[in-house]
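Engineer: If you use this note's numbering, the sequence shown corresponds to residues 331 to 436, in order. Just passing along the structure, written as structure tokens.
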Amino acid sequence: MKTKIRKDDKVMVIAGKDKGKIGKVLKILPKKDTVLVEKVNMVQRHTKANPYAQQPGGIIEKEAPIHVSNVAVVCDACTKPTRIGYKKTEDGKKIRFCKKCNEIFK
331 MKTKIRKDDK VMVIAGKDKG KIGKVLKILP KKDTVLVEKV NMVQRHTKAN
381 PYAQQPGGII EKEAPIHVSN VAVVCDACTK PTRIGYKKTE DGKKIRFCKK
431 CNEIFK
């Protein structure tokens with residue numbers, strides 16, 4: 331599935347335990363249709379120390395993936411979660427725009 335969400339987009343979680351939280355997309359996992367959002371869906375990982383890789387053991391907090399359908403892109407202009415549309419410019423470039431306020435995304 332092709333997603334309209336890209337890395338470094340600001341997104342809001344619209345379903346699940348972290349509903350309403352806003353964060354930046356760190357990574358997109360296209361095979362599972364999921365995204366990693368900064369400081370959202372935090373889980374605890376118990377790790378064993380690895381002296382060869384200079385990694386200490388203990389409990390590490392990290393982000394878990396969220397399904398793409400549970401996040402919505404937040405527009406910078408209208409500061410609301412919105413859907414994304416595409417249109418072509420005169421020179422043939424495909425650009426993304428906010429469906430609520432028609433503002434063009436970077």
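For each residue, glycine too, the CB sits at the ideal point set by N, CA and C. Every value quoted in this text rests on a predicted model; they were computed, and no experiment measured them.
#1: Given T364, which residues of its chain have a CB within under 7 Å of its CB, disregarding the five upstream and five downstream residues?
#2: Is I389 near the ligand ZN, with its Cβ less than 7 Å from a heavy atom?
#3: Assign L366 to one of two classes, buried (16 or more other C-beta atoms within 10 Å of its C-beta) or exposed (fewer than that).
#4: Relative to the C-alpha of K430, which residue among T409, E420, D338 and G353 is closest?
#5: Taking the alpha-carbon of L356 as reference, which of K392, F427 and E433 has the nearest alpha-carbon?
#6: Taking only three categories from DSSP, how would you classify V398?
#7: Starting from G388, follow the beta strand (DSSP E) in both directions and report where the run begins and ends.
Structural biologist: With the structure as the only source:
#1: Beyond the five residues adjoining it in sequence on each side, T364 comes within less than 7 Å, by CB distance, of P395, I396, H397 and V398 in the same chain, given in chain order.
#2: You won't find the ligand ZN in this model; it holds no ligand whatsoever.
#3: Buried.
#4: Selected option, being the one with the closest Cα: T409.
#5: Ranking the options by Cα distance to L356, first place goes to K392.
#6: Residue state, collapsed to three classes: helix.
#7: The continuous beta strand (DSSP E) containing G388 extends over residues G388 to E393.
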